[in-house]
Amino acid sequence: MVSFGLAAFVAIVSVASAYPTRGGGECNGLAEVYYPVQTCLGVDEYKYFSCNAPGIVSNSSCCYENYGIIMQTQFWDFNPDYLKGILKRTPERSYSSDVNQTFTIHGLWNDRCDGSYDQFCKPELEFTDSDNLENVIVNQFGRQDLYDLMIKYWINGTVAGSQSLWQHEYNKHGTCFNTLQPNCFLGPYTKFENAVAYYQKAVEVWSGLPTYKFLEQADIVPTTEKKYNLSDVQNALAYGHHGKQVYVGCSQGAISEIWYYHEVRGNVLNGQYKATDTLTKSSCPGEVWYLPK
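Numbering (mature numbering (1 follows the signal peptide of the UniProt record, and there is no 0)), first residue to last: -18 to -1, 1 to 275.
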């Protein structure tokens, strides 16, 4: 097992879940970790899931996330050339391939309870373009396992490259979690310790939400031969998300992204996650393409 940080003393805190995951994830080869963060036992606000405290909780709290809607977001980077094939009535199906049958990681986001959000909250904690994220993850923190999984499943479909996406996601969203701030870590804080913990947590949550499998179990698979009712897609994903509605995003009438919403009790790293309904209306039409990659 691996711990974050270089502190001599590491707190062993079990990662809790409000519900079991369904269908298995994609985290084979990722080391189990303990997050060296402050204990929340005996802390008043620890009684409540985010968005449920009866009063105002300080933004310095390490045991209550004021950015209380935690969203695990995923990409489906379909091949846009298939849209041309549809017009030519050339049937195509998704072929067996790990990444081709996986909704890849977009990020781990944090909205306020009303759906609003801040971004790039702590410039002093951000990566800069001169920082080499592979060096930070692999050499500074010894997480070759995490890097290997990220480079495979947290991928950027643009020419900018995947590391630019990782940097953007942490800088924009990761710096805004109040329970992920340096003061929440035990012992001497090591620069970027919270960033690597953010990446680990994003991968963990994503792994418990295998979107492709949720849809496949409902006989919804990528194809150019037919459209699917959006309601059928939403129902299949809600079943996987413990009855809670999921955001489905589309591009040119085809499924392109999925957002899963949660509340959390305690610290975002080792707290108890609970599924909740989407706060965002789908951008998709009533019938959608689910195209192969």
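Yeah, the Cβ is synthetic: ideal placement off N, Cα and C, and Gly gets one too. Quick caveat, the model's predicted, so the values are computed rather than measured.
Inset, instruction - Measure the alpha-carbon distance for Q20 versus K183 and round it to whole angstroms. - result: 16 Å
Legend entry - Sufficient close CB pairs (3 or more, under 8 Å) joining the region 174 to 190 to the region 208 to 220: By the Cβ rule, the region 174 to 190 does not count as touching the region 208 to 220, because fewer than three pairs are nearer than 8 Å.
Legend entry - CA-to-CA distance, F31 to N114, given in whole angstroms: 36 Å
Inset, instruction - Look at the alpha carbon of Y221 and the alpha carbon of Y242, and state the distance between them as a whole number of angstroms. - result: 12 Å
Legend entry - Burial state of P105 (16 or more Cβ within 10 Å): exposed
Inset, instruction - Using the DSSP secondary-structure output, state which residues sit across from C103 in a beta bridge. - result: For C103, which the question treats as bridged, DSSP gives no partner whatsoever.
Inset, instruction - For D111, count neighbouring Cβ atoms within 10 angstroms of its own Cβ and tell me buried if that reaches 16, exposed if not. - result: exposed
Inset, instruction - Could you tell me if V118 is buried or exposed, where buried requires 16 or more neighbouring beta carbons within 10 angstroms of its beta carbon? - result: buried
Inset, instruction - With a threshold of 16 other CB atoms inside 10 Å of the CB of V230, please say whether the residue is buried or exposed. - result: buried
Legend entry - N-terminal and C-terminal residue of the beta strand (DSSP E) that N211 is part of: T205 to N211
Inset, instruction - Please state if the CB of L90 and the CB of Q145 are separated by a distance shorter than 8 Å. - result: No, the pair does not count as a contact, with Cβ atoms beyond the cut-off.
Legend entry - DSSP bridge partner residues for L90 (one or two, in chain order): Q54
Inset, instruction - With A177 as the anchor, note down where its alpha helix (DSSP H) starts and where it stops. - result: E175 to S189
Inset, instruction - Can you give me the Cβ contacts of E27 inside the same chain, cut-off strictly under 7 Å, excluding the 5 residues immediately before and after it? - result: A35, V39, S43, C45 and Y46
Inset, instruction - Using three-state DSSP, classify I38 as helix, strand or coil. - result: Residue state, collapsed to three classes: coil.
Legend entry - Backbone CA spacing between G156 and L128 [nearest angstrom]: 17 Å
Inset, instruction - Determine, using beta-carbon pairs with one atom in the region 159 to 166 and one in the region 244 to 251, whether at least three such pairs fall under 8 Å. - result: yes
Inset, instruction - Please classify N92: is it buried, with 16 or more other beta-carbons within 10 angstroms of its beta-carbon, or exposed? - result: By the neighbour-count definition (other C-beta atoms within 10 Å, threshold 16), N92 is a buried residue.
Inset, instruction - Given a cut-off of 8 Å, decide if N41 and F109 are closer than it, judged by their beta-carbon atoms. - result: In this structure, F109 sits away from N41, with a CB-CB distance that is not shorter than 8 Å.
Inset, instruction - Consult DSSP for A200 and reduce its assignment to one of helix, strand or coil. - result: coil
Legend entry - Beta-carbon gap between D259 and Q227 smaller than 8 Å: yes
Legend entry - Alpha carbon of G190 to alpha carbon of D63, nearest angstrom: 31 Å
Legend entry - Check whether F85 and A236 have beta carbons under 8 Å apart: Their beta carbons are not under 8 Å apart, which means F85 does not touch A236 by this criterion.
Inset, instruction - Kindly say whether T205, judged by its beta-carbon, lies nearer than 8 Å to any beta-carbon of chain D. - result: Reference to chain D is not applicable here, since this structure consists of a single protein chain.
Inset, instruction - Quick one: grab the DSSP three-state call for T157. - result: T157: helix per DSSP, three-state reduction.
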